[in-house]
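Quick note: the sequence shown, position 119, residue 119 per full-length UniProt numbering, numbers continuous. From the three backbone atoms N, C-alpha and C, an ideal C-beta is built for every residue, glycine too. Since the model is a prediction, treat every value here as computed from it, not as a measurement. Notes for the one structure printed next.
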Amino acid sequence: MSTAFSLAPLFRSSVGFDRFNDLFETALRNEPGSTYPPYNVEKHGDDQYRIVVAAAGFQEEDLELQVEKGVLTISGGKRDANEGVTFLHQGIAQRAFKLSFRLADHIEIKAADLSNGLLSIDLLRVIPEEAKAKRIPINGAQKPVLQ
């Protein structure tokens with residue numbers, strides 16, 4: 001079952017088009033109330049963002065990043081490396097997970113890095129020239145173009 005979680009109420013005090021909500025319209029979770037694994041969403045400057053996921057115990061081959069139709073999906077699952085092991089106590093969570101983030105237009109994934117149990121995904125907003133604001137000069141003393 002999938003539950004949509006809207007971040008829109010968090011951005012009511014935002015002004016203009018450069019809202020943090022432009023990056024993440026919605027965070028989707030597999031299970032209602034799921035908080036595993038914990039993650040941070042950081043803003044660095046005007047156009048740079050980073051998602052940091054606590055992925056302790058996971059190796060690069062256990063994790064997968066995928067972007068499809070503007071949705072970034074981060075999934076992880078341990079391969080059964082503990083075959084033949086009987087745990088007397090197992091307190092380290094290494095269960096499978098799936099996190100999905102709907103990305104705003106013009107957001108590109110620049111890099112992903114797994115270091116010290118943290119998966120960092122760097123994102124950059126790249127606005128194409130045709131979408132940027134253009135300054136239009138005012139010609140005061142010249143004749144109008146249209147007659």
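For residue i, which of helix, strand or coil comes out of DSSP?
| i | result |
| --- | --- |
| Asp-113 | strand |
| Glu-68 | strand |
| Glu-60 | helix |
| Glu-83 | coil |
Here's the rule I'm using: 16 or more other beta-carbon atoms within 10 Å means buried, otherwise exposed. How should residue i be labelled?
| i | result |
| --- | --- |
| Val-85 | exposed |
| Pro-37 | buried |
| Ala-55 | buried |
| residue 153 | With the chain covering 1 to 147 only, the question about residue 153 has no answer from this structure. |
Taking a contact to mean a Cβ-Cβ separation below 8 Å, would you say residue i touches residue j in this structure?
| i | j | result |
| --- | --- | --- |
| Val-52 | Leu-103 | no |
| Asp-62 | Lys-43 | no |
| Leu-65 | Ala-112 | yes |
| Phe-97 | Val-71 | no |
Would you kindly report the start and end of the unbroken beta strand (DSSP E) that includes residue i?
| i | result |
| --- | --- |
| Tyr-49 | 48-54 |
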